[in-house]
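Inspection log for the structure reproduced underneath, given as structure tokens.
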Amino acid sequence: MVVVKRYSAGTPLLVLSLLIGCDPSPVGPPTPIFRAAEAPAGTNAVAVSESRIDVGWQDNSSTETGFEVHRSTAGASGAFALVASTGAGATTYSDVNLTPATQYCYKVRAFQTTGRNTGYSQFSGTACATTATPPQPGSIHVTTATTGAYPDPDGYFVRVDGGPDQLVGTNASITIANVSGGNHTVLLGGVASNCVVDGVNPRSISVNSGTTDVGFGVACGPGNTFQVTTLTTGVDRDQDGYGLAVFNVLYGGGAFQLVASVTVPANGITTIPARTPGSGDYRLELTPVFGGSPVAPNCDVTSPNPLRTGATAVEFDIACAPITQLAFSDTADGNADIYVINSSGTGRTRLTTHPARDVEPAWSPDGGKIAFTSDRDGHAEIYVMNADGTNPVRLTNEATGDYAPAWSRDGKIAFVSDRDGNSEIFVMNADGTNPVNLSNLPYGDRDPVWSPDGAKIVFTGGRDGAAAGIYVMNADGSGVTRLASSAPGDAGPAWSPDGARIAFSRVVWNPEYGPTSVIFVMNADGSGVEQLTAAETHTDPAWYADGRKIAYVSTDPYSLSTTIHVMRLDGTEAWAGVPFTNGFNPAWRR
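Here it is in structure tokens:
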């Protein structure tokens, strides 16, 4: 701005020039203007998931700096707000982290920036999309259908997304509840090597509320096989065959996996599939635990059992003795009575029906009669009856009590009597005449049992102040000897049929029950003591006629109920832990 002031004549002219507020930079170009045809077109919006929408448009300009994407959550006519800017040439934008099941609307415009100035095109048309509704939790119902002659014996397992295994049978179904909505994989596992799952495994499925069905078809062929020969010899052979289990040996014998369980005949060849891959090492065992019948008590497996082998052809040899009978006592009918049962486990028969207590049966040498103890006349006495239970006859008549009869091979009967003031061992004729006191000492003697040759009697007693143990004396009462290995609490001796060994019960400590009785066996001279049963309550051993098995009584520590078991001399159960019969006082017929 210039200011001029005039003075009077002769006064010099003062001129002031001031430049105020001037910008020395050049002035920029005018705001650019897009033609209408240069606005984006063809806007579209696609919901990709419950939290993402992809927006697309057509770029109609060649001079834009970029594009602005505006969004409305109140519909196409609602208020829009800028959500993103892109670079030049862009035609798509992905809007993420959105709310499921919600509508979003979009419109796009181009912009050009020069210096400080930005110009905009018109907005494109509006495009709307709604995010997907998330899948709801549901359940998966899995069904298996197995075909073929050799199905997997232990079934399969189902695993969803690597989670815990759920067991399912070969032709069965299970429902897995509370599965999150969405996509999952379902695996059918534990399938034997001789079986094939039809179709894809694992399978991809989608869960969205309700129940999703998944079916697996499985076809099983024979796979690897064993040729198992069973050869049974002897009298009264087992007629119903035997249960056979085949195990795959794992970890060098540290574990066993059941791969087959079948019944094999007493004599014959059976083809058995061995379905699982492994070391090629298998364990085969005749046992009823997994199905099939046990080896009858009158029969023994004379070949190794169980048998561990890598061979594909194996043989089991079984020898059977004549079926005999076991006499025993039981309270099944309300009071104690005498029963018999065949050694095959059949033919259990009640012999006495008197309301008195009839116990302690003992077979005569020829098996035609049974001596027993009964209080039917008011106090315990020795009786004898025919082997079918007929014609009971009282042999003793002492008010103090006579009990525990035992026959010798020549027909004499040893028994325990309290007639002389304490329990002592007597011997009498088979008709009850001529009773003779063999003990005649102020110590309690009991449990007399004859040696097979009739020359000696083993019994439980005490001498010279020592604690009760197992003793042996001559048939006339002389030569009383305490067996060196006998310990306090030994009782119930039983001589083996060949006279070489003596079975008995011994008190041992059980951490759960305290002191309890188990079955031991020793040589007839007291050496070679060996424990046969575990630390439970086991008493009353009785040798089978062939000397290869022993019956004994097991007493439940809580209910005090009694069952009779049969075991082999290695302590394994002849009936795989299943009781042979209920009862007590077992005595085998010979």
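The opening position of the sequence shown corresponds to residue 0 in numbering that gives the first Met the number 0, with each subsequent residue numbered one higher. Yeah, the Cβ is synthetic: ideal placement off N, Cα and C, and Gly gets one too.
For residue i, does the three-state DSSP call read helix, strand or coil?
i           : result
residue 511 : coil
residue 37  : helix
residue 421 : coil
residue 19  : Because the pLDDT at residue 19 is just 43, under 50, the model does not fix this residue reliably, and the point stays unresolved.
residue 322 : coil
residue 603 : Because residue 603 is not part of the residues shown, which for the chain are 0 to 589, the question remains open.
residue 432 : coil
residue 65  : strand
residue 411 : coil
residue 189 : coil
residue 217 : strand
residue 92  : strand
residue 315 : strand
residue 57  : strand
residue 238 : coil
residue 445 : strand
residue 537 : strand
residue 588 : coil
residue 378 : coil
May I have the straight-line CA-CA distance separating residue i from residue j, to the nearest angstrom?
i           : j           : result
residue 587 : residue 235 : 16 angstroms
residue 209 : residue 52  : 27 angstroms
residue 345 : residue 440 : 44 angstroms
residue 357 : residue 164 : 56 angstroms
residue 474 : residue 259 : 55 angstroms
residue 324 : residue 147 : 44 angstroms
residue 169 : residue 149 : 11 angstroms
residue 352 : residue 245 : 46 angstroms
residue 547 : residue 296 : 10 angstroms
residue 139 : residue 171 : 14 angstroms
residue 286 : residue 304 : 9 angstroms
residue 382 : residue 354 : 15 angstroms
residue 368 : residue 191 : 57 angstroms
residue 107 : residue 91  : 10 angstroms
residue 625 : residue 395 : Residue 625 lies beyond the residue range present for the chain, which begins at 0 and ends at 589; the question has no answer from this structure.
residue 426 : residue 571 : 36 angstroms
residue 55  : residue 42  : 6 angstroms
residue 513 : residue 539 : 20 angstroms
residue 410 : residue 448 : 13 angstroms
residue 543 : residue 294 : 15 angstroms
residue 532 : residue 484 : 18 angstroms
residue 372 : residue 379 : 6 angstroms
residue 37  : residue 73  : 28 angstroms
residue 389 : residue 322 : 22 angstroms
residue 176 : residue 159 : 11 angstroms
residue 393 : residue 550 : 28 angstroms
residue 45  : residue 145 : 45 angstroms
residue 561 : residue 467 : 25 angstroms
residue 220 : residue 181 : 36 angstroms
If you compare alpha carbons, which of the options is closest to residue i?
i           : options            : result
residue 282 : 293, 253, 298      : 253
residue 188 : 181, 196, 182      : 196
residue 184 : 82, 262, 211, 306  : 211
residue 494 : 146, 467, 108, 450 : 450
residue 89  : 110, 160, 305, 302 : 110
residue 443 : 248, 560, 419      : 419
residue 97  : 47, 37, 482        : 47
residue 558 : 536, 569, 565      : 536
residue 232 : 218, 265, 58       : 265
residue 385 : 84, 350, 114       : 350
residue 521 : 343, 504, 508      : 504
residue 135 : 161, 179, 113      : 179
Please work out which residues of its chain come closer than 6 angstroms, Cβ to Cβ, to residue i, disregarding the five sequence neighbours upstream and downstream, and give them in chain order.
i           : result
residue 408 : 364, 453
residue 476 : 437
residue 200 : 187
residue 445 : 415, 422, 459
residue 480 : 471
residue 404 : 361, 370, 381, 412, 414
residue 316 : 230, 301, 302
residue 141 : 157, 173, 213
residue 82  : 68, 70
Can you give me the Cβ contacts of residue i inside the same chain, cut-off strictly under 8 angstroms, excluding the 5 residues immediately before and after it?
i           : result
residue 327 : 337, 338, 339, 340, 360, 563, 580, 582, 583, 584, 585, 586
residue 99  : 49, 50, 130, 131, 132, 133
residue 497 : 451, 546
Using C-beta distances below 7 angstroms, list every residue in its chain close to residue i, excluding the 5 sequence neighbours before and after it, in chain order.
i           : result
residue 263 : 227, 229, 240, 241, 243, 269
residue 417 : 399, 400
residue 95  : 50, 51
Checklist line | beta strand (DSSP E) runs contained entirely in the stretch 453–510, provided each spans 3 or more residues | finding: DSSP runs (the beta strand (DSSP E)) wholly in the stretch 453–510: 455–460, 468–473, 490–494, 500–509.
Please give the ranges of any beta strand (DSSP E) in the stretch 104–181, keeping only runs that are unbroken, at least 3 residues long and fully inside the region.
Here the runs fully enclosed are 116–119, 126–129, 137–146, 155–159, 165–167, 172–178.
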